[in-house]
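*Asks:* Below are the structure tokens for one structure; questions will follow.
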Amino acid sequence: MSDGYSRGQKKKVACPCCKFLTIEAKGWYEICPVCRWEDSGQGDIGEPNHVTPTEARLNFATFGASEERRRSRVRAALPDEYPES
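Using this note's numbering, the letters of the sequence shown map in sequence onto residues 26 to 110.
So this is what it looks like as structure tokens:
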């Protein structure tokens, strides 16, 4: 039975900001290509992000990026990055 992933490809986890499946593992400082949130594993404000996760989610819903300064570097989610309902 196929799980939708190629052999050797790991299933990704949801970005804490946009909720798309773009992160390999929580807390590895990966930058989500959809919203540009850098996942440090921390839930509070500070480096590398300059807004709280709550503010980042509101920003993403409002203008499509975790922070205003990152708007020019976002991309649309790929079909396999949508969370399952």
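Glycine included, C-beta positions come from ideal geometry on N, C-alpha and C.
Quantities reported herein were computed from a predicted structural model and do not represent experimental measurements.
1. Counting only the same chain and skipping the five closest in sequence on each side, list residues whose C-beta sits under 7 Å from that of Gly52.
2. Got a sec? Which residues, its chain only, sit under 8 Å from Glu92 by beta carbon, not counting five neighbours each side?
3. Using DSSP with H/G/I as helix, E/B as strand and the rest coil, what is Ala50?
4. With 16 other CB atoms within 10 Å as the buried threshold, where does Pro41 fall?
5. Taking C-beta to C-beta, are Leu112 and Pro104 nearer than 8 Å?
6. Let me know the secondary structure DSSP gives Ala90 once reduced to three states.
*Replies:* With the given structure in hand:
1. Beyond the five residues adjoining it in sequence on each side, Gly52 comes within less than 7 Å, by CB distance, of Asp64, Ser65, Gly66 in the same chain, given in chain order.
2. Here the set comprises Arg61, Asn74, His75, Val76, Ala81, Asn84.
3. Note: Ala50 maps to coil in three-state DSSP.
4. A residue is called buried once 16 or more other Cβ atoms fall within 10 Å of its Cβ, and Pro41 is buried on that count.
5. This structure gives no information on residue 112, because the portion of the chain shown stretches from 26 to 110.
6. Reduced to three states, the DSSP call for Ala90 is coil.
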